[in-house]
Amino acid sequence: MTFDLTYSGEVTAARKAGTPVVALESTIITHGMPWPQNVETARLVEDEIRRAGAVPATIAVLDGRLHIGLEADQLDALGQAKNVAKLSRADIAACIATGGTGATTVAATMIAAHLAGIRVFATGGIGGVHRGAEQSFDISADLRELAETPVTVVAAGAKAILDIPKTMEVLETLGVPVITYGQDNLPAFWSSSSDIASPLRMDSAADIAKAHLMRAKLGLPGGQLIANPIPVKDQIPNDIITPIITAALNEAERQAITAKRVTPFLLDNIFHATNGMSLTANIALVRNNARLAAAIAIAMGA
Ligand code: PSU
Ligand code: MN
Numbered sequence: 011m012t013f014d015l016t017y018s019g020e021v022t023a024a025r026k027a028g029t030p031v032v033a034l035e036s037t038i039i040t041h042g043m044p045w046p047q048n049v050e051t052a053r054l055v056e057d058e059i060r061r062a063g064a065v066p067a068t069i070a071v072l073d074g075r076l077h078i079g080l081e082a083d084q085l086d087a088l089g090q091a092k093n094v095a096k097l098s099r100a101d102i103a104a105c106i107a108t109g110g111t112g113a114t115t116v117a118a119t120m121i122a123a124h125l126a127g128i129r130v131f132a133t134g135g136i137g138g139v140h141r142g143a144e145q146s147f148d149i150s151a152d153l154r155e156l157a158e159t160p161v162t163v164v165a166a167g168a169k170a171i172l173d174i175p176k177t178m179e180v181l182e183t184l185g186v187p188v189i190t191y192g193q194d195n196l197p198a199f200w201s202s203s204s205d206i207a208s209p210l211r212m213d214s215a216a217d218i219a220k221a222h223l224m225r226a227k228l229g230l231p232g233g234q235l236i237a238n239p240i241p242v243k244d245q246i247p248n249d250i251i252t253p254i255i256t257a258a259l260n261e262a263e264r265q266a267i268t269a270k271r272v273t274p275f276l277l278d279n280i281f282h283a284t285n286g287m288s289l290t291a292n293i294a295l296v297r298n299n300a301r302l303a304a305a306i307a308i309a310m311g312a
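Every number in the numbering used here is 10 more than the matching position in the sequence shown, counting from 1.
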């Protein structure tokens, strides 16, 4: 049985030229946003990375091939495909082995990025400890992946649908650095700030790049989580989003939504409850994360 990564034309050229590459996930496209905004956003995010002087590599499994970078038509098709699998660490090998098609979560994208030698990855929000996890045991595999795989992940904090203090506790236990960019408190995805202090703060992409390289020098496995606040002009203030999140969580419980379906269900519910405002904010924060990730990748060198 052979296994090869499939690189897009653009990523192949970047590898030859030594241009820094930034990984992007695909679950946000297939399970995180409705069509057609999902494909439009994916394109805008890729363009942010190009404009900043790096090259985007959107990662997905298409017909059993692990793609590092998608061609425009592949991105279009994935964004419209129905019943695409959501692939985390537990699912990716089976999907490739059986010729399946699936979108990669943060965990699976980190695995693929590392296989391709990519050290920086931009997304919206990571998975984490769900509220009520003491009953459900629902803790995203993204957290363990950050402890294991040496990729710096730029996100807008843990999604506010999660239990952020518990997510921080688990990350601390796993030895994952959580570095907030440019402020003392953690951001809360749709809102620029929470009332929770960030374990670490850095104010430049260069420092974040150095911290990543230092972990490798010290022989520490795993990556870093960079919490990049959504710009204030694009945020949904905490007092507006909090009751909407609570209602979405109640609805998920009423409908007995569990496991992989929880995150997509909540995002969709909140999208409708905010008349699309949550999506507008989500798009703004992913673009913002793409810009910072590109700066970090450039500071790290190819
Ligand atoms: N951030 C978003 N939208 C998303 C996700 C993150 O703005 O759809 C996805 C990511 O792929 C993340 C996943 O890895 O949700 C977490 O899912 P779970 O909680 O089932 O591990
Ligand atoms: Mn889960």
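Ideal Cβ placement from N, Cα and C applies to all residues, glycine included.
Cα-Cα separation, proline 46 to asparagine 299: 21 angstroms
Integer-rounded CB distance, given that valine 71 should sit under 8 angstroms from glutamate 20: That pair is no contact at about 19 angstroms.
Buried versus exposed call for serine 288 [16 or more other C-beta atoms within 10 Å across all chains shown]: buried
First and last residue of the uninterrupted beta strand (DSSP E) at lysine 96: 95-97
Three-state secondary structure assigned by DSSP to alanine 62: coil
Inter-residue CB distance, glutamate 56 and threonine 68 (contact presumed, cutoff 8 angstroms): 7 angstroms
Cutoff 6 angstroms; reference lysine 270; Cβ partners in own chain excluding five residues on either side: Lys96
Unbroken stretches of the alpha helix (DSSP H), 4 residues or longer, contained in the region 269-296: 272-283
For alanine 27 and isoleucine 136, the rounded distance between their alpha carbons: 31 angstroms
Straight-line Cα distance separating serine 208 from alanine 170: 15 angstroms
Span of the alpha helix (DSSP H) around valine 188: Run containing valine 188: none in the alpha helix (DSSP H); it sits in the beta strand (DSSP E), 188-191.
Continuous beta strand (DSSP E) stretch holding glutamine 84: start and end: Here glutamine 84 belongs to no beta strand (DSSP E); instead the alpha helix (DSSP H) covers 82-90.
Among Thr183, Val272, Leu153, Val130, nearest to methionine 310 - alpha-carbon criterion: Val130
Continuous beta strand (DSSP E) assignments of at least 3 residues falling wholly in the region 22-80: 31-34, 65-72, 75-78
Member of Glu58, Ile106, Leu153 whose CA lies at the smallest distance from the CA of glutamate 179: Leu153
Length-filtered (4 minimum) alpha helix (DSSP H) runs lying within the region 144-188: 151-158, 174-184
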